[in-house]
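First the structure, in the form of structure tokens, and then the observations on it.
Numbering (the working numbering), first residue to last: 1070 to 1690.
And the structure:
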């Protein structure tokens, strides 16, 4: 569906539209929500509780805001949702009810969902606490308080207990100062400066820093500002610093870089900007408004809801292949975090501000996420990433963290096999023992560095092979320079950007298929280009190799369900080798012009030079 958002009323309508189809899937006692039949590691009962709870990320702010000026039918619907959730919470926390959510245990998924519940209670005390009976309050408190007696991971999960004890303090109930301090100490140990944290794993920085750690920090800072003014001021200052970097992950049209895990949470990626407005950070509200509302608008343009109106597991479309082991059918409704802006009344500066574009530097390196990020005038954002590695195997982590570049317009692909077709190795160098046809990509590195002109890394994709890599952005082009030190003979394939085989999710009737025609693919001795009406993707071999257009397995790319990948293939006997390729991708109206502005690459023995925009750069690998 296509939406245009400007006012709080517009966003209320959108939110209600996205959750209305779910009413028929609630249990009789309203404590559980069943949305599908896919499996998840924490089991079905917790999954159904999760589905119910995650709607509260939007409903809680909605109930807390001023809804007087909304149409009568919407006010009635909002009240109906409130009554339903009052019933569901009563039953879910009543150990004598058949829909009791169950006792907690160590590292219980229900701890995650408690965050939405306690946040909603803390900002709706009159609706979700004061109107409960003495016994209902006791049940609710005792169920929530279990979180103080069980173990949890040393990452963003600590905030679930922080927010719980915060809510107890606000309600003047017994709370654990000891656990609060322990949890903040864990969070504080992951702070690396300049507004940046890591989430449990020092080599992994992703959206969890934004939509978890900062999001929860800002909730805490806003609600506890009178009790802990100094600490809350510190949290807000860090989020303000973080904003200046994180904003680069987005384009002014609202599209963010798909990178890292939990991408199925979709518009939760822009939720931190709404939380910044909620906590009243000293940043431009016009920019915040533009980022949040444009992000929501952009997501509504894609088929992310199934035919029953349920938000699917996937990214641009339903796709279990890219999911994590903790994605249940209800998990995508973490997206509702974006609706924290509904807690802001109509007269709030966020709603009163005119939407404003952010003025980006065209190319900038960020040391904490280890990203060289580029922005162009067509809102194409690319992040050239080094030094990222996930130690936890949540699912497809190599593809999600360790490719050479991530793009908000071309996405990235995940593997479903080890051949070039099934592996879908876009924007990465795939390596196989010669003749075995079993390719793999980078999985960790030994060294990495970067600056405003290039990013470099050293890694070993397979035993007996060490690769020194440098990537140099040059507008719509970038240059990849590899020095291979291989003790064994290898086959390699350097994949460019995936591009759709046809306009996605549309169908054309008549004689012609919507898919590309063979004459739209140009393969020469040293280059391969897919020149389609919806974009151009290509690769040029600068030091030899075989150009080929790889047809990837369906549903491997996060944005497009059918793709091809321009690729340069080569084979190397044992020794030291230089392998250099130029990679292009653009889907704007200027694509043909930009393609002609190719950087010059000069290879002299072991030295590589890149000449672009009248500047000559020596690549040191």
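For each residue, glycine too, the CB sits at the ideal point set by N, CA and C.
Expected contact under 8 Å - CB spacing of residue 1514 and residue 1526 to nearest Å: To locate residue 1514, count along the chain shown from 1; it is residue 445. To locate residue 1526, count along the chain shown from 1; it is residue 457. Sure, about 5 Å apart at Cβ, within 8 Å.
- request: Please check the pair residue 1512 and residue 1530, which I expect to be a contact at CB under 8 Å, by giving their CB distance rounded to whole angstroms.
  value: For the purposes of this step, residue 1512 is identified with residue 443 of the chain shown, where counting begins at 1. For the purposes of this step, residue 1530 is identified with residue 461 of the chain shown, where counting begins at 1. About 7 Å; that satisfies the 8 Å criterion.
- request: Compare the beta carbon distance of residue 1606 and residue 1557 with 8 Å and say whether it is the shorter of the two.
  value: Taking the first residue of the chain shown as 1, we reach residue 1606 at position 537. Taking the first residue of the chain shown as 1, we reach residue 1557 at position 488. Not closer than 8 Å, so no.
message: What I want to know is whether the C-beta of residue 1459 ends up closer than 7 Å to one or more non-hydrogen atoms of the ligand FMN.
response: Absence of the ligand FMN from the depicted structure is noted, as is the absence of any ligand whatsoever, leaving it without description.
task: For residue 1362, I'd like the list of residues in its chain whose CB is within less than 6 Å of its CB, leaving aside the five on either flank, ordered along the chain.
output: Mapped onto the chain shown, residue 1362 falls at position 293. If we look at residue 1362 and ignore the five residues flanking it on each side, its Cβ neighbours are 1074.
task: Could you say if the stretch 1417 to 1424 and the stretch 1350 to 1365 meet the contact criterion of at least three C-beta pairs nearer than 8 Å?
output: yes
message: For a quick check, are the C-beta atoms of residue 1539 and residue 1688 less than 8 Å apart?
response: One-based indexing of the chain shown puts residue 1539 at position 470. One-based indexing of the chain shown puts residue 1688 at position 619. Cβ distance < 8 Å, so residue 1539 and residue 1688 count as in contact.
C-alpha gap between residue 1657 and residue 1464, whole angstroms: Locating residue 1657 in the chain shown gives position 588, where the first residue counts as 1. Locating residue 1464 in the chain shown gives position 395, where the first residue counts as 1. Rounded to the nearest angstrom, the two C-alpha atoms are 32 Å apart.
query: For the alpha helix (DSSP H) that contains residue 1123, what are its first and last residues?
result: The residue given as residue 1123 occupies position 54 in the chain shown. Its alpha helix (DSSP H) spans residues 1113 to 1123.
- request: Tell me whether residue 1674 sits in a helix, a strand or coil according to DSSP, three-state version.
  value: Counting from one through the chain shown, the residue named residue 1674 turns up at place 605. Of the three classes helix, strand and coil, the one that applies to residue 1674 here is coil, per DSSP.
query: DSSP state of residue 1574, grouped into three classes?
result: As a working mapping, residue 1574 is identified with position 505 in the chain shown. The answer is coil: DSSP assigns residue 1574 none of H, G, I, E or B.
task: Measure the alpha-carbon distance for residue 1287 versus residue 1304 and round it to whole angstroms.
output: The count along the chain shown starts at 1 and reaches residue 1287 at position 218. The count along the chain shown starts at 1 and reaches residue 1304 at position 235. Each residue's Cα considered, the two are about 7 Å apart.
message: Let me make sure I understand the geometry here. Which of 1098, 1086, 1105 and 1096 has the alpha-carbon closest to that of residue 1400?
response: On the chain shown, position 331 is the one that residue 1400 refers to. Nearest C-alpha to residue 1400: 1105.
- prompt: At which residue ranges does the stretch 1486 to 1569 contain complete alpha helix (DSSP H) runs of 4 or more residues, listed in the order of the chain?
  reply: 1489 to 1492
Assigned secondary structure, residue 1413 (DSSP; H/G/I helix, E/B strand, else coil): Taking the first residue of the chain shown as position 1, residue 1413 is located at position 344. DSSP places residue 1413 in coil when its eight states are reduced to three.
7 Å CB neighbourhood of residue 1094 in its chain, flanking five on each side removed: Stepping through the chain shown from its first residue, residue 1094 is reached at position 25. The residues are 1102, 1103 and 1104.
query: What runs of the beta strand (DSSP E), each 3 residues or longer, lie entirely inside the stretch 1137 to 1224?
result: none
query: Per the contact definition of three or more C-beta pairs closer than 8 Å, is the stretch 1220 to 1240 in contact with the stretch 1179 to 1188?
result: yes
field: Nearest-angstrom Cβ-Cβ length linking residue 1573 and residue 1650, presumed shorter than 8 Å
entry: As a working note, residue 1573 is residue 504 in the chain shown. As a working note, residue 1650 is residue 581 in the chain shown. About 27 Å; that fails the 8 Å criterion.
query: So is residue 1127 buried or exposed if we call it buried at 16+ other beta carbons inside 10 Å?
result: Counted from its first residue, the chain shown places residue 1127 at position 58. So residue 1127 counts as buried.
task: Select from 1228, 1175, 1191 and 1654 the residue whose C-alpha is nearest the C-alpha of residue 1221.
output: The residue given as residue 1221 occupies position 152 in the chain shown. Ranking the options by Cα distance to residue 1221, first place goes to 1175.
- request: Enumerate, from N- to C-terminal direction, the unbroken alpha helix (DSSP H) stretches of 4 or more residues contained entirely within the stretch 1402 to 1476.
  value: 1418 to 1421 and 1466 to 1470
task: Give the DSSP bridge partners of residue 1640, in chain order.
output: Taking the chain shown and counting its residues from 1, one reaches residue 1640 at position 571. Bridge partners of residue 1640: 1560.
message: Could you check whether residue 1382 and residue 1107 sit closer than 8 Å to each other, using their CB atoms as the reference points?
response: Position 38 of the chain shown, counted from the first residue, corresponds to residue 1107. Position 313 of the chain shown, counted from the first residue, corresponds to residue 1382. Yes, these two residues count as a Cβ contact at 8 Å.
- prompt: If you run the structure through DSSP and keep just helix, strand and coil, what is residue 1335?
  reply: Residue mapping note: residue 1335 aligns to position 266 of the chain shown, counting from 1. Residue 1335 falls in the helix class under three-state DSSP.
- prompt: From residue 1331 to residue 1392, what distance separates their C-alpha atoms?
  reply: On the chain shown, position 262 is the one that residue 1331 refers to. On the chain shown, position 323 is the one that residue 1392 refers to. Rounded to the nearest angstrom, the two C-alpha atoms are 7 Å apart.
message: Tell me whether the stretch 1240 to 1248 and the stretch 1295 to 1309 touch, counting them as touching only if at least three CB pairs, one residue from each stretch, are closer than 8 Å.
response: no
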